[in-house]
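Student: Numbering (UniProt numbering), first residue to last: 1 to 419.
Even glycine gets a Cβ: it sits at the ideal position worked out from N, Cα and C.
From a predicted model like this one, the values you see are computed outputs, not experimental measurements.
(1) What runs of the alpha helix (DSSP H), each 4 residues or longer, lie entirely inside the region 324-412?
(2) Assess, as a yes-or-no matter, whether the region 261-272 is touched by the region 194-211 under the definition of 3 or more beta carbon pairs within less than 8 Å.
(3) Looking at the unbroken alpha helix (DSSP H) that takes in residue 109, where does it start and where does it end?
(4) For residue 257, name the three-state secondary structure that DSSP assigns.
(5) Between residue 289 and the rest of its own chain, which residues show a CB-CB distance below 7 Å, the 5 nearest in sequence each way excluded?
(6) For the beta strand (DSSP E) containing residue 250, name the first residue and the last one.
(7) Could you name the residues of the same chain whose beta carbon sits closer than 6 Å to that of residue 379, not counting the 5 residues immediately before and after it, in chain order?
(8) Where does residue 44 fall in DSSP's three states?
(9) Take the Cβ of residue 353 as the centre, count every other Cβ of all protein chains shown within 10 Å, and call the residue buried at 16 or more, exposed below.
(10) Could you please give me the residues that DSSP links to residue 209 through a beta bridge?
(11) Using only alpha-carbon positions, find the residue among 278, 269, 222, 270 that is nearest to residue 251.
(12) Which full runs of the alpha helix (DSSP H) of 4+ residues lie inside the UniProt domain "Radical SAM core" (62-199), going along the chain?
(13) Classify residue 177 as buried or exposed, calling it buried when 16 or more other Cβ atoms lie within 10 Å of its own Cβ.
(14) Do residue 70 and residue 157 have their C-beta atoms closer together than 8 Å?
(15) Leaving out five residues before and five after residue 12 in sequence, what residues of the same chain have Cβ atoms less than 6 Å from its Cβ?
(16) Contact defined as beta carbons within less than 8 Å: I believe residue 118 pairs with residue 149. What is the distance between those atoms, to the nearest angstrom?
(17) Does DSSP put residue 436 in a helix, a strand or coil?
(18) Output needed for residue 368: all residues of its chain with C-beta closer than 6 Å, excluding positions within five of it in sequence on either side, in chain order.
(19) Grab me the residues of residue 359's own chain with a C-beta within less than 6 Å of its C-beta, minus the 5 sequence neighbours each way, in chain order.
(20) With DSSP run on the structure shown, which of helix, strand or coil describes residue 59?
(21) Could you check where the alpha helix (DSSP H) with residue 15 kicks off and where it finishes?
(22) Could you tell me the distance, in whole angstroms, from the CA atom of residue 17 to the CA atom of residue 141?
(23) Within the continuous alpha helix (DSSP H) that includes residue 313, where are the two ends?
(24) What's the C-alpha gap between residue 78 and residue 67?
(25) With respect to the alpha helix (DSSP H) encompassing residue 285, which residues constitute its N-terminal and C-terminal limits?
(26) So, under 8 Å CB-CB, residue 180 and residue 165 are touching, yes? Tell me the CB distance rounded to an integer number of Å.
(27) With a Cβ-Cβ cutoff of 8 Å, do residue 108 and residue 160 count as a contact?
(28) What is the DSSP secondary structure of residue 242, reduced to helix, strand or coil?
(29) Roughly how many whole angstroms lie between the Cα atoms of residue 244 and residue 385?
(30) Check residue 296 in the structure and name its three-state DSSP category.
(31) Considering only DSSP beta bridges, list what residue 227 is partnered with.
(32) Candidates 102, 6, 116, 74: which alpha carbon is nearest residue 425's?
(33) Expressed to the nearest angstrom, what Euclidean distance is found between the alpha-carbon atoms of residue 137 and residue 219?
(34) Do you know whose CA, among 135, 175, 209, 268, lies nearest residue 240's CA?
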């Protein structure tokens, strides 16, 4: 084996994989059997975090950065003058096992440029996973990227070896995809999603009847959208995300701020700021939809198509709906408590439990750990004091910003100019 060449390939293909953020192992419960290698229960992705707070990593690479497509937003586009490389199937297997034995990683995230054809590329990705599972008895986490346009049969086989499958929708809208990747068909992205969703349902149903039924993609499927490459509003992006969650039962939708790496008049110019703050606000919105009971139409609509950059989406919603506040912390239901800025769901459950025994006042709420600099304007408790004092929304916003610090503070001015 030529170790220098392997190292060169690893440098090229690990660097090319860094633009894919759709990494999470949450939900997989593949346990170690027959004294095999690894255990994906609680394992994670590339310096990600498990539910118990542990920071873990995995080998995140492309099988190759050769590609037959010329997508404007992709660093691996066929017209881009970059170093090209490709791993052999056995090389990826050996790297994964050797890295795992040295405790460098706890799993594999494998994607690829599309070479020859979608089916040929997907066959090689599956071959890596199959060798790891059947020949190396590897039980660690495996995340495979689904290749747009590959066959249903290959998608079915992929889920038998991978913990999670993902197919990146890439651009949030059909029109945006046609603009930046005219060779691709939106239907080729949707078909594998539908196949995975159906297979997950079938295998779960069969598992109830026959315990020996193998698991199929136990961590589900996910997708990723590039933010800022085209002119979509936050409303366009989040409405698309809601569609994928509801229609294809996605475990996660990821949002990746576009990194300008290529000169193209269809794209933001080189040197344009990566919209990290906008990406963060989209993730916050996603969280509100999945865990806080918000409807996307409450947060984004024709009158409010983009998220506020300087404040989080829950605070923005509250300031637009002051007629619903203040909320009595000792009487409100869980749904309304969750809508108070500064209250996370853990705090909501603490409040619901604590008020069974006594009425809560400001001191109790501080002890629970509520972000009082925001929450105090939107709630009342067992106290005569109430902070809002009929202030106008802009005044409340100003007072909260003055008392807050954010790692994104320095980005406010630059990114506000983008909208």
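Tutor: Reading off the structure:
(1) 334-337, 345-354, 362-368, 372-375, 393-402
(2) no
(3) Unbroken run through residue 109 is the beta strand (DSSP E), 107-111; no alpha helix (DSSP H).
(4) strand
(5) When the five nearest sequence neighbours on each side are left out, the beta carbons in the same chain lying within less than 7 Å of the beta carbon of residue 289 are those of 242, 296, in order along the chain.
(6) That residue, residue 250, is in no beta strand (DSSP E); it is neither H nor E in DSSP.
(7) If you ignore the 5 residues before and after residue 379, its C-beta comes within less than 6 Å of the C-beta of 326, 327, 329, 340, all in its own chain and listed in chain order.
(8) Note that residue 44 scores 30 on pLDDT, short of 50, meaning its location in the model is unreliable; the coordinates nonetheless yield the value given after this. Coil, per DSSP.
(9) Residue 353 sits exposed, since fewer than 16 C-beta atoms from the chains shown fall within 10 Å of its C-beta.
(10) Residue 209 pairs with nothing; no bridge assigned.
(11) Selected option, being the one with the closest Cα: 222.
(12) Those alpha helix (DSSP H) runs which fall completely within the UniProt domain "Radical SAM core" (62-199) and span 4+ residues are 89-101, 118-130, 152-161, 174-180.
(13) buried
(14) no
(15) Only 83, 85 meet the Cβ criterion.
(16) 4 Å
(17) With the chain covering 1 to 419 only, the question about residue 436 has no answer from this structure.
(18) Closer than 6 Å at Cβ, skipping near neighbours: 347, 350.
(19) So the qualifying residues of the chain are 330, 382.
(20) strand
(21) 3-16
(22) The straight-line gap from Cα to Cα measures roughly 17 Å.
(23) 313-320
(24) 6 Å
(25) 276-291
(26) The beta-carbon separation of residue 180 and residue 165, rounded to 24 Å, does not stay under the 8 Å limit for a contact.
(27) No.
(28) helix
(29) 45 Å
(30) Here residue 296 sits in helix by DSSP.
(31) The secondary-structure analysis by DSSP pairs residue 227 across a beta bridge with 257.
(32) The structure shown does not extend to residue 425, since the chain is modelled only from 1 through 419, so no value can be given for it.
(33) If I take the Cα positions, the gap works out to 19 Å.
(34) 175
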